[in-house]
Amino acid sequence: MKTNIINLFLIVSVLFIACNKTEEEKTKVKQKPHQSLEAPVAKKIAEELKAHEDTRIDNYFWMRLSDDQKNAEAPDARTQDVLDYLNAENDYKDAAMKHTDSLQKTLFDEIVGRIKKDDSTVPYSDNGYSYYWRFEKGMDYALYCRKKLEDKAKEEIMLNGPEMAEGLNYFGMGARSVSPDNKMISYGVDTVSRRRYTIYFKDLINDKVLSDKLVNTTGSVAWANDNKTVFYTSKDSITLRANKIYKHVLGTDQSQDVLIFNEEDDTFSTFVYKSRSDKYIISGSDQTLSTEYRYLDADTPNGEWKVIQPREKELEYSVAHFGDHFYIRTNLDAKNFKLVKTPINATTKENWVDVIPHRDDILLQGFTAFKNHLVLNERKNGLSTIRVRKWEGNDDHYISFNDPAYYTSTNINMDFDTNIVRYSYSSLTTPSSLIDYNMDTKEQKVLKQQEVLDPNFSKDNYVSERLYATSRDGVKVPISLVYKKGTQKNASTPLLLYSYGSYGSSTEPYFSSTRLSLLDRGFVFAMAHIRGGQEMGRYWYEDGKLLKKKNTFTDFIDVGDYLVKEGYTSPDHMYALGGSAGGLLMGAVLNMKPELWNGVVAAVPFVDVISTMMDETIPLTTFEFDEWGNPKNKEYYDYMKSYSPYDNVEAKDYPNILITTGYWDSQVQYWEPAKWIAKLRELKTDDNLLIMDCDMETGHGGASGRFERYKSVALEYAFMLDLEGIEK
C-alpha cells in the first residue's frame, strides 16, 4: 500500500511538472521577439525650458544638432552621442523585426512587382514639342524626353536620371523648364534630401551642361521671353525659408545676379513662375492667411514689377492671366472662395468683378482658362468635382463620376486654343486614369490607366463605401473605406485607419496598388476625412486649426469608435497611420485614447509642438503661426501644451508603435521623433513593441528612386501584419 502511495505521488508530481512545463512553453511561445531584447536607453540631461512662468523639463533636448554639426567632417562628442543613439535604435528595430525579414521581402517584391518597370507618362504638347518621361527596366530614375510634333520625330533625351543619380546616396530632381525657343532646359537637383536645390542649365541643341550653377534654391525658374534671363527663388541658409527672388542672365556667375525682391516678413515665403499665357512673370508671397502677387511683362525682363493687390491680413488670392484680364481666385467676402476678374491695368480689389460668385456649400479649389471654356475644380459634399462652363452661352455642367468615393483633378493642360480638357481620375477601387474630355460633345477618351501587374487583380474584386461618423460635438465626419470582396467585417477584422487633418489638405480617396498587400490579406483600409482638412469646405479647415486643433484629434478618435461600434473591427485589431502633421495626429490620439489601437505607425511625426514653434530658427516655423498659433502668446502656449504629443507622454500603457524619420529631414527635424521615442520608452508601463526606423541618408520624403521607398512601406505593413499573426 505504501509503495502504491509513493508511485501515485511520483505520477502526480510528474504530471504537475509536465503541466508546468507546458505552461512555461506556452508562455515562451507567446513571448514576442522584442521582449527578450534590451531596448536602447537614452541618457537624460535635464534642460529647463521656461515661458509664461511655466517650466518644462526636457531630458532629451541634447539630441538636437545644428546643420554645422551634422555636416562636419569629424563629429564632435555631442554629435557622436546622437549618432550612437540613432544607430542603436535602428539596431534594436532590426533585431525586433528580424523574424519578419522574409515577410518584408515578400511584401517589397509583390509591391514592386505590381509596378510596370518600363512605364511612361502620357505626352503633353507645348510650343511645338511633345513632352514625357519614361522608365527603362531596372532603372530607379526617369529619362525626361521630348519629340517634335511632326511625323516620325526622333526622341530627344533631355535629362538622363539614371546617369545623373549614379553614385549618389540620394538624388532628387526638382522642377524642369524649357526656354521659349526650345533650346535650353533648366533643372534642379537635391543630393542631400533637405529640399535645397542647385539649378543647372543644359543646351539641348549641343547636349551640353552650361557652367551656370544656382545654389540654395527652391529648384525652379521662370524664363523671360529673351531666352537668356531667368528668375528664381533662393532660401535662407538656416531656416530654409524661400525669401529672395533673383534675376540671372545665362553666362554670368551667380554672384552677379540681381536681387529683385526680398521678403523681409519672416512669416511669409516667396515664389516665382510664368503665366500659362507666357505673357507675364508672376511672383508671390504667401503665408497661411495672406497673399500678395506682383507681375512683370515677360518681354521686358529688366522692366518694372507691379503689385496686383497689396497684402492684407486674411485676404488670400491666386492669379492667372487670360486675354485683357487677370483671373483671381480669392476669399474676399467668400469663405469658400470665388472667382473674379480684373483689368490688367486696374488690378486692386476694388476693381474685382465676380465671375463665379461665392457659394456656402461648394469650395472653389482652382480653375483653368481655355479659349472658349472655363474649367473649375470644386469640392462638393466632400468630394472633388470638375465643372465646365462656356464663356459664351449657358452651357454649364459637371463631369459625372460613379464611385461612392473618388478623387479627380485637371491635369497638364498647356494648350489654350482647344475644346479638350485633360483630367485624372482615381477611386479606392479604380486605378489612376488620365482622360481627355471634349467640353463640347462631352465625349471621353481614356488615354492611360495605371497598370497593375498582377494577373489576379480586378477592380471588381474590391468594394468601397462612404460612411459618416457623428463626432462628439455633433458634426458628421465622412469616412471612405475599401476592402476585398468576401472580407468578413467583425471584431476580429484588422482595419487600418489613416488621416492627415492639417493645413487644409484634404485626404483624397485614391487608388493604391501598394495597399493591395493589406487588402488581399484581409485588412479593411479606411480614410477619416477629419477637420483640419478641407473636404467639407473652408470652414472644415478653420474648425481644425489654432485654438480648435483638438477637433482634428477627437474626430479621428470618434471615427475609430464608430468603426468599432458598427462592427468593422475592434481595438484589438485596429491600427492607425499618419505622417508629418498626420504624425502629430498619431501622437495626440496615442495620448488621448491609447486603448483604441493595437498598433500605430507615426511617420516623420511632428510631435514636439511647443519647442519647435518657439524656435524661429527651425525651418517652417515662422510662417506656420497661423496654422498652429504662436506659443509666445500665452493663450496658444497653454493650448499647445494641452495636446503636444511629446509634452503629454504619461506613465501608462501604450499600444505597439512604429516611428519613422529621416536624419536629413528639413520639415520635421529628426530629433522630434528621436526624443519622443526616448520619452515613451522611459515612461510607458506596457511591454508592447516600440521601435523607430531612422533613415540616415534621407529627409522628409524618404528614399529617392522609384522602388527604394517601398522598403519603408514593407516595414510598416510587416509591423501590422506581424501583430495580426499573419506571416506570409
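Read in order, the letters of the sequence shown correspond to residues 1 to 728 in UniProt numbering.
Beta carbons: idealized from backbone N, C-alpha and C, even for Gly.
On a CA-only basis, which of the options is nearest residue i? Give me that one, please.
i, options, result
"residue 611", "48, 202 and 33", "48"
"residue 90", "690, 727, 726 and 710", "690"
"residue 636", "683, 613 and 412", "613"
"residue 85", "694, 597 and 540", "694"
"residue 325", "253, 454 and 308", "308"
"residue 537", "391, 80, 334 and 54", "334"
"residue 659", "677, 147, 665 and 270", "677"
"residue 570", "166, 724, 486 and 484", "724"
"residue 202", "158, 122 and 310", "158"
"residue 515", "114, 531, 558 and 360", "114"
"residue 255", "459, 414, 214 and 72", "214"
"residue 392", "373, 593 and 45", "373"
"residue 134", "686, 143, 683 and 319", "143"
"residue 608", "402, 575, 643 and 634", "643"
"residue 574", "561, 580 and 582", "561"
"residue 367", "171, 320 and 62", "320"
"residue 172", "182, 179 and 187", "187"
"residue 263", "136, 250, 397 and 293", "293"
"residue 443", "455, 420, 457 and 66", "420"
"residue 55", "129, 46 and 664", "46"
"residue 132", "235, 412, 80 and 346", "412"
"residue 471", "78, 500 and 528", "528"
Return the Cβ separation of residue i and residue j in integer angstroms, given the expectation that the two are a contact with Cβ distance under 8 Å.
i, j, result
"residue 464", "residue 428", "4 Å"
"residue 509", "residue 406", "6 Å"
"residue 209", "residue 200", "6 Å"
"residue 556", "residue 585", "6 Å"
"residue 261", "residue 283", "6 Å"
"residue 496", "residue 525", "5 Å"
"residue 273", "residue 295", "Not a contact, Cβ separation roughly 11 Å."
"residue 370", "residue 337", "No, residue 370 and residue 337 are not in contact; Cβ-Cβ is about 20 Å, not under 8 Å."
"residue 169", "residue 708", "Not really, about 10 Å apart at Cβ, beyond 8 Å."
"residue 720", "residue 599", "6 Å"
"residue 306", "residue 332", "With 8 Å as the limit, residue 306 and residue 332 do not qualify as a contact, their Cβ atoms being about 19 Å apart."
Using the Cβ count rule (16 or more neighbours within 10 Å means buried), how would you classify residue i?
i, result
"residue 286", "buried"
"residue 155", "exposed"
"residue 645", "buried"
"residue 451", "exposed"
"residue 10", "In this predicted model, residue 10 has a pLDDT of only 35, less than 50, meaning its place in the structure is not dependable enough to derive any value."
"residue 717", "buried"
"residue 715", "buried"
"residue 184", "buried"
"residue 623", "buried"
"residue 414", "exposed"
"residue 378", "buried"
"residue 41", "exposed"
"residue 211", "exposed"
"residue 310", "exposed"
"residue 195", "buried"
"residue 328", "buried"
"residue 177", "buried"
"residue 304", "exposed"
"residue 727", "exposed"
"residue 5", "For residue 5, the pLDDT reaches just 36, beneath the cut-off of 50, and the residue's location in the model is therefore unreliable, leaving the point undetermined."
Are residue i and residue j closer than 7 Å when you measure CB to CB?
i, j, result
"residue 507", "residue 533", "yes"
"residue 479", "residue 423", "no"
"residue 362", "residue 339", "no"
"residue 140", "residue 706", "yes"
"residue 92", "residue 39", "yes"
"residue 112", "residue 710", "yes"
"residue 498", "residue 577", "yes"
"residue 165", "residue 219", "no"
"residue 461", "residue 476", "no"
"residue 459", "residue 568", "no"
"residue 445", "residue 122", "no"
"residue 648", "residue 688", "no"
"residue 651", "residue 683", "yes"
"residue 382", "residue 535", "yes"
Does any C-beta atom of chain B lie closer than 7 Å to the C-beta of residue i?
i, result
"residue 241", "Of the protein chains in the structure, only one exists, and it is not chain B."
Review point. Is there contact between the stretch 546-555 and the stretch 505-522, where contact requires at least three CB pairs shorter than 8 Å?
Key: no
Review point. Is there contact here, the stretch 217-228 with the stretch 284-301, by at least three beta-carbon pairs under 8 Å?
Key: yes
**Study point:** the stretch 95-108 / the stretch 431-450 touching (three or more Cβ pairs under 8 Å)
**Key:** Flag = no, the stretch 95-108 and the stretch 431-450 do not touch.
Practice item. Evaluate the contact criterion for the stretch 626-633 versus the stretch 595-605: three or more CB pairs, one atom per stretch, below 8 Å. Key: Too few Cβ pairs lie closer than 8 Å, so no.
Review point. Would you say the stretch 236-246 touches the stretch 308-320, given that touching needs at least three Cβ pairs under 8 Å?
Key: no
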